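Each residue of the sequence shown is one higher than the last, beginning at 1 in this note's numbering.
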Amino acid sequence: MQVQVRYFAAAKAATGVAEETRVLPAGATIGAFLDDLGSTSPAMFARCSFIVNGTATTDRARVLTDGDSLDVLPPFAGG
1 MQVQVRYFAA
11 AKAATGVAEE
21 TRVLPAGATI
31 GAFLDDLGST
41 SPAMFARCSF
51 IVNGTATTDR
61 ARVLTDGDSL
71 DVLPPFAGG
């Protein structure tokens, strides 16, 4: 299945891309996506929250489906 992923701030810096299409096995979770990412910044990704198809989540057990949109949001400060 294909998932459209957008990275923001530190997540973008860690991956080196702002947006990509990732091919994942059917039934993959957000946690499996993070494992597949093979990040060089695992501590930063451990603190991320996510937006899946416009709905915010921190649940890494959430199952992704083909065509989903996943935004990866690291913690950030500001107001």
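Every residue, glycine too, gets a C-beta built ideally from N, C-alpha and C.
As the structure is a prediction and not an experimental result, all values here were calculated from the model.
If you check the CB distance, Pro25 and Arg47 do not come in under 8 Å. The DSSP-derived three-state label of Leu37 is helix. Judged by DSSP secondary structure, Phe50 falls within the beta strand (DSSP E) whose first and last residues are Ser49 to Val52. The beta carbon of Arg60 lies closer than 6 Å to those of Ile30 and Gly31 in the same chain, with the five residues before and after it left out.
Classified as buried, Phe45 has 16 or more neighbouring CB atoms from the shown chains inside 10 Å of its CB.
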